[in-house]
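Worksheet for the structure shown next.
Protein chains: 4
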Amino acid sequence: MEEDFIQVFVTGGTFDKEYNYITGELYFKDTHLKDMFERGRCTLDVDIKTLMMVDSLEMTDADREIIIHSCKKTKAKRVLITHGTDRMVATARALACGEIVKTIVLTGAMIPYAFGTSSDGFFNLGSALAFVQVLPPGVYICMNGRYFHWDAVEKDTSTGYFVPKNT
Amino acid sequence: MEEDFIQVFVTGGTFDKEYNYITGELYFKDTHLKDMFERGRCTLDVDIKTLMMVDSLEMTDADREIIIHSCKKTKAKRVLITHGTDRMVATARALACGEIVKTIVLTGAMIPYAFGTSSDGFFNLGSALAFVQVLPPGVYICMNGRYFHWDAVEKDTSTGYFVPKNT
Amino acid sequence: MEEDFIQVFVTGGTFDKEYNYITGELYFKDTHLKDMFERGRCTLDVDIKTLMMVDSLEMTDADREIIIHSCKKTKAKRVLITHGTDRMVATARALACGEIVKTIVLTGAMIPYAFGTSSDGFFNLGSALAFVQVLPPGVYICMNGRYFHWDAVEKDTSTGYFVPKNT
Amino acid sequence: MEEDFIQVFVTGGTFDKEYNYITGELYFKDTHLKDMFERGRCTLDVDIKTLMMVDSLEMTDADREIIIHSCKKTKAKRVLITHGTDRMVATARALACGEIVKTIVLTGAMIPYAFGTSSDGFFNLGSALAFVQVLPPGVYICMNGRYFHWDAVEKDTSTGYFVPKNT
């Protein structure tokens, strides 16, 4: 089936940030997702598409519309989205309101993949890829080795961990 | 419940090999698993226990007995085992014969974690950790971003990929 | 002779910056110099002392006084200073005015050492350590694999390279 | 002057070894020297030429003849050679017998550059590049942050350090 591939949407976030040695600031160049799947020796049918390269703090409603629209439009039943951690929950909520009957997993990183052996990104990608294959339709966040339903999680901004939300 | 933790058993394999700069050969020192879970910012309740540090080509029946016995004995319902890739399928088969009603996921690496940004190990650990949380009881192998039932997979020794087995 | 050791003074700079995953900004924690000399398997008698941990753009005249004073006071005849690249030339000039009859080599990095296999820092440290052992007394800047006399170099802020100064 | 460039000769050694994930053994593919000079942001005129890719334990007299001949033939007055550490002193001695009036510096690594943030190679390259620019004609070995005259050094095979030779 054509629908058996996994759609990966890149939106930016710390995950894909680079260090600009002229300005001393972080910025976006190209995504590392393709390299990461190769390094992970992934043999799944994965289609990677960059929707945008933004810091999630600067993500607009229009950006979220693009993400929702893209999730609806792809023929894949399973979608993995890389996203900044600061507004990951907000985008997950927007996606949940989109009533898309697909398995959508958002993940990100606290330290850029480009920063070498300190980054959590490669581990998170492995986890998210596994979860997106086996979880039932719904919108999930995958961080810290776990998955959370979109409405049962929040980021603890003081520690950077994603924790169950008191509801 | 005490049983809700994830048991991680370390058995060695390429995953945990180091380079000995005196002899120019690979060898085992300590496992990197603890560091890897920390770097992955994992917040799950994980208990790591080193059962042995061996190359799977040199794993004996007695070693496999230790692994089976340990899987039976742990109070955890979910067990992740790091293992050399060459005999991973053989150990999975031995575990399946042990009739253990737990979710057991074996994973490994083609390139040692200690070799930095070329290793697949960190990605594989992320995937395996995700699969072990959501798959039903059974024995599985997690490599290349996928999971396989123990009796439906073989390692293609010419490419190093794990592929569905023609049965 | 006690004076045969090499004095290393740490002042901060990009060289020793870290990524703060809570704020997304760069900051200083501890210097990596000790680890770097160990990894470089250096067998020289090196004494490392942290004078300050500052971005050279924020370095004050008082800071420069501390550096000059420390260079005068150390019993070593050879001094290696890690320093931010933006004001490295300014500090070199201040040191030259201090009339210290020692070999003083300043070096730095364009990408933090903590950012793994993209950083130039480890290479620069190796070069600077070599130059400080063999150059005659004077104040030098070591970047891009070369050494420059303090008054014959400037940083090209558009490329980040240190180039001979047109005088 | 055309002769002002630095000639780099690659001969292999641990420096340039890679891990073969199929066989689990180390082997040679391409040299990393070009990448390393770029990462080091080196602005010197450097010409890199691969003479051979061998483990120095397997280096033959014919191989040494090629190295000597190449050092004589190059128009450069300064030559940097990457070499396995086990027989580095032997090749240095052969070069010294060649009566070449050039500055020749041999360097190597205890841990392959490809093994990431544990390797000493990048530091050694920085040191060797500095020494080759400033030392008078002669044959030198650069390891552990130091330089040694070819006839005043030996490798301590139990520790891997290069130490002054008792003569």
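Protein sequence lines correspond, in order, to chains A, B, C and D. Start counting the first sequence at 1; every next residue gets the next number (our numbering). Start counting the second sequence at 1; every next residue gets the next number (our numbering). Start counting the third sequence at 1; every next residue gets the next number (our numbering). Start counting the fourth sequence at 1; every next residue gets the next number (our numbering). Quick reminder that beta carbons are idealized off the backbone N, C-alpha and C, glycines included.
Nearest Cα to B:Glu99 within the set B:Val139, B:Lys17, B:Gly145 and B:Thr31: B:Val139.
Close partners of B:Gly145 in chain D (Cβ separation under 9 Å) are lacking, with about 16 Å as the shortest Cβ gap. In terms of Cβ geometry, B:Val10 and B:Leu33 form a close pair [threshold 7 Å]. With a threshold of 16 other beta carbon atoms within 10 Å, C:Asp86 meets it and is buried. In terms of Cα proximity to B:Asp151, the closest of B:Thr23, B:Phe162 and B:Tyr113 is B:Phe162. Close to chain A, meaning a Cβ-Cβ distance shorter than 9 Å, are the following residues of the region 92-121 of chain C: Ala109, Met110, Ile111, Pro112, Ala114, Phe115, Gly116, Thr117, Ser118, Ser119 and Asp120. Under the Cβ distance rule, D:Gly160 counts among the residues neighbouring chain B, one pair being separated by less than 7 Å. Using a CB distance cut-off of 7 Å, A:Thr43 counts as an interface residue toward chain B. Chain-order list of chain B residues neighbouring D:Tyr19: Ile111, Pro112, Phe115 and Ser118, by C-beta distance under 8 Å. Beyond the five residues adjoining it in sequence on each side, B:Asp45 comes within less than 8 Å, by CB distance, of Asp4, Phe5 and Ile6 in the same chain, given in chain order.
For the pair of segments examined, the region 62-81 of chain B was found to touch the region 102-115 of chain B: the number of CB pairs separated by less than 8 Å reaches three. The three-state secondary structure of B:Asn124, taken from DSSP, is helix. A straight-line Cα-Cα distance of about 8 Å links C:Ile66 and C:Leu51. Listed in chain order, the non-local C-beta contacts of B:Ala94 below 7 Å within the same chain comprise Arg64 and Ile68, local neighbours out to five positions each way being set aside. Between the region 125-134 of chain B and the region 9-24 of chain A, the count of Cβ pairs shorter than 8 Å is below three; the stretches do not touch. Inter-residue distance for C:Phe28 and D:Asp120 is about 24 Å (C-alpha atoms, whole angstroms). Apart from the 5 residues on each side of it in sequence, A:Met143 sits with its Cβ closer than 6 Å to the Cβ of Phe162 in its chain, given in chain order. Residue contact check for A:Ile67 against chain C: no CB pair falls below 7 Å.
Its chain contains Val139 and Trp150 as the residues whose beta carbon lies nearer than 6 Å to that of D:Ala96, once the 5 sequence neighbours on both sides are disregarded; these appear in chain order.
By the C-beta density criterion, A:Leu57 is exposed, having fewer than 16 other C-beta atoms within 10 angstroms. In terms of CA proximity to A:Lys155, A:Ala90 leads the group A:Tyr113, A:Ser118 and A:Ala90.
With a minimum length of 3 residues, the unbroken runs of beta strand (DSSP E) contained wholly in the region 15-43 of chain B fall at 17-20 and 25-28. Around the beta-carbon of D:Pro112, 16 or more other beta-carbon atoms lie within 10 Å, marking it buried. Chain A has no Cβ within less than 7 Å of the Cβ of C:Ile48. Rounded to the nearest angstrom, the gap between the Cα atoms of B:Val134 and A:Phe148 is 12 Å. CA-to-CA, the gap between C:Gly84 and C:Ala109 works out to about 7 Å.
Between B:Ala62 and chain A, the shortest Cβ-Cβ separation is not below 7 Å.
The continuous stretches of beta strand (DSSP E) do not include A:Ile100, and DSSP gives it neither H nor E. Taking D:Pro137 as reference, the option from D:Lys165, D:Gly145 and D:Lys72 with the minimal CA-CA separation is D:Lys72.
C:Ile141 places its beta carbon less than 7 Å from that of C:Met88. Scanning chain D for C-beta atoms nearer than 7 Å to the C-beta of B:Ile22 yields Gly160, reported in chain order. Taking a C-beta distance under 7 Å as the contact criterion, A:Gly40 and B:Thr117 do not qualify as a contact pair.
Against chain A, a Cβ distance below 8 Å from B:Asn124 picks out Gly40 and Gly126. The beta carbon of B:Phe5 sits no closer than 7 Å to any beta carbon of chain A. In summary, the residues of the region 127-143 of chain A whose CB is separated from some CB of chain B by less than 7 Å are Ser127, Leu129, Ala130, Phe131, Val134 and Leu135, in the order they occur in the chain. In this structure, A:Phe123 lies near B:Phe122, with their beta-carbon atoms less than 7 Å apart.
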